[in-house]
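**Q** Counting in this note's numbering, the sequence shown runs from 712 upward without gaps.
Backbone N, C-alpha and C fix where the C-beta goes; we use that ideal spot for every residue, glycine too.
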Amino acid sequence: MTKVIVIGPRGKMGRLITQIAASRDDMQLIAGVAPKGRDYIGNDLGSAAMIGRELGAPVTDSLESVIDSCDVIIDFSTKEMAMDVLDLAIAHKKALVCGTTGFSPDEMQRFQKASAHIPMLYAANTSKLVNIMNKLLEMVASKVGNDLDIEILEMHDQWKKDAPSGTSREMGEIIAHALKKDLSDIAVYGRQGASSRIPDTIGYHSLRAGNIPSSHTVFFGGMGERLEITHHSYNWECFARGACDCAVYLDGKKPGFYTIKNVLNL
Numbered sequence: 712m713t714k715v716i717v718i719g720p721r722g723k724m725g726r727l728i729t730q731i732a733a734s735r736d737d738m739q740l741i742a743g744v745a746p747k748g749r750d751y752i753g754n755d756l757g758s759a760a761m762i763g764r765e766l767g768a769p770v771t772d773s774l775e776s777v778i779d780s781c782d783v784i785i786d787f788s789t790k791e792m793a794m795d796v797l798d799l800a801i802a803h804k805k806a807l808v809c810g811t812t813g814f815s816p817d818e819m820q821r822f823q824k825a826s827a828h829i830p831m832l833y834a835a836n837t838s839k840l841v842n843i844m845n846k847l848l849e850m851v852a853s854k855v856g857n858d859l860d861i862e863i864l865e866m867h868d869q870w871k872k873d874a875p876s877g878t879s880r881e882m883g884e885i886i887a888h889a890l891k892k893d894l895s896d897i898a899v900y901g902r903q904g905a906s907s908r909i910p911d912t913i914g915y916h917s918l919r920a921g922n923i924p925s926s927h928t929v930f931f932g933g934m935g936e937r938l939e940i941t942h943h944s945y946n947w948e949c950f951a952r953g954a955c956d957c958a959v960y961l962d963g964k965k966p967g968f969y970t971i972k973n974v975l976n977l
């Protein structure tokens, strides 16, 4: 049984991860870790995550006080909190699943370097179907991508802080790699003014409205036809289930940098 600590148990992902982990026979919740000053610190994790029952696991504001009791840490909190979690995971040799987005290239390098010391799994999107979509994007881009105009449209709720989303950035990276190009050289963000489309670029468009959970569409535009590959999530449950699958997968693994592709055998 995989012993898990959930970072940010009152957040939209933390609540769902707690709920799903509590329902699984192969996971045991050890504790939740909240940002300092939250009024639910000291409560039971089930109460803090509002799942309707107590779980016999505490909520604390000190990861260090509980970290040695777990096998894997699941962190979908904030990028600021995630850096502290990463440092403690390395210091205590604990496996880490991180799904937080919005990191700089230098911060992402810290996750890569951590994999020399701990089992590290970073996933911008833990949905099974999103990752199958990524395989489809790779196939289309490698076969006909150089002959088509490529645009990425992503939609999220009004509270999402980073744009474009981590998932759409990953999609762009996959497409660019299939085209043997660097995304930073060909990405265009938004469009304004009177000019034609710049050839051989990937256009990005980010919508933020209401409580849209997550929606990504990649357009491959040709002359007289177009292909659209789309994923819609109805809520965040698919990401939480995927995060739990990642944690169970990572338990007992050797240090290394793992991805959702390893979990799904893609």
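Looking at C-alpha atoms only, which residue of LEU938, GLY748, PHE787, THR771 is the closest neighbour of LEU756?
**A** It is THR771.
**Q** Could you spell out the range, first to last residue, of the beta strand (DSSP E) harbouring ILE718?
**A** Looking at the DSSP string, the run of the beta strand (DSSP E) that includes ILE718 is 713-718.
**Q** Can you tell me the Cα-Cα spacing of ASP911 and ILE897, whole angstroms?
**A** Rounded to whole angstroms, ASP911 to ILE897 spans 7 Å at the Cα level.
**Q** In chain order, which continuous runs of the alpha helix (DSSP H) of length 4 or greater are located wholly inside the stretch 790-840?
**A** List check, alpha helix (DSSP H) in window: 790-802, 816-825.
**Q** With which residues is SER917 paired in a DSSP beta bridge?
**A** In the DSSP output, where bridge partners are listed per residue, SER917 has GLU865.
**Q** Is it a yes or a no for the stretch 952-971 touching the stretch 820-837, going by three-plus beta-carbon pairs under 8 Å?
**A** Because the criterion of three Cβ pairs below 8 Å is met, the stretch 952-971 and the stretch 820-837 touch.
**Q** If you reduce the DSSP assignment to three classes, tell me which class ARG749 lands in.
**A** Three-state DSSP puts ARG749 in coil, outside helix and strand.
**Q** Would ALA759 pass as a contact of GLY748 if the rule is Cβ separation under 8 Å?
**A** Going by C-beta atoms, ALA759 is not nearer than 8 Å to GLY748.
**Q** Would you check if the distance between the CB atom of VAL899 and the CB atom of GLY877 is smaller than 8 Å?
**A** No, Cβ-Cβ distance for VAL899 and GLY877 is not below 8 Å.
**Q** Quick check on DSSP: helix, strand or coil for MET844?
**A** MET844: helix per DSSP, three-state reduction.
**Q** Less than 8 Å between the beta carbons of ILE801 and VAL777, yes or no?
**A** In this structure, VAL777 does not lie closer than 8 Å to ILE801 by Cβ.
**Q** Applying the criterion that 16 or more other CB atoms from any shown protein chain within 10 Å of the CB defines a buried residue, is ASP786 buried or exposed?
**A** Looking at its Cβ environment, which holds 16 or more other Cβ atoms inside 10 Å, ASP786 is buried.
**Q** Go ahead and pull the three-state DSSP assignment for GLU849.
**A** Of the three classes helix, strand and coil, the one that applies to GLU849 here is helix, per DSSP.
**Q** Assuming contact is defined by CB atoms lying nearer than 8 Å, are ALA834 and THR970 in contact in what I supplied?
**A** Their beta carbons are under 8 Å apart, which means ALA834 touches THR970 by this criterion.
**Q** Is the separation between the beta-carbon of MET866 and that of LEU918 shorter than 8 Å?
**A** Contact flag set, yes.
**Q** Where GLY722 and SER788 are concerned, what is the direct C-alpha to C-alpha distance, given to the nearest angstrom?
**A** Answer to the nearest angstrom: the Cα atoms are 7 Å apart.
**Q** Rounded to whole angstroms, what's the CA-CA distance from VAL929 to LEU859? Just pull it up for me.
**A** Each residue's Cα considered, the two are about 12 Å apart.
**Q** Could you pull the start and end residues of the alpha helix (DSSP H) that ASP858 belongs to?
**A** Counting along the chain, ASP858 falls outside any alpha helix (DSSP H), and DSSP gives it neither H nor E.
**Q** Measure the alpha-carbon distance for GLY725 versus VAL855 and round it to whole angstroms.
**A** Cα to Cα, GLY725 sits roughly 40 Å from VAL855.
**Q** Name, in chain order, the residues that DSSP records as bridge partners for SER944.
**A** The partner list for SER944 (beta bridge, DSSP) reads SER925.
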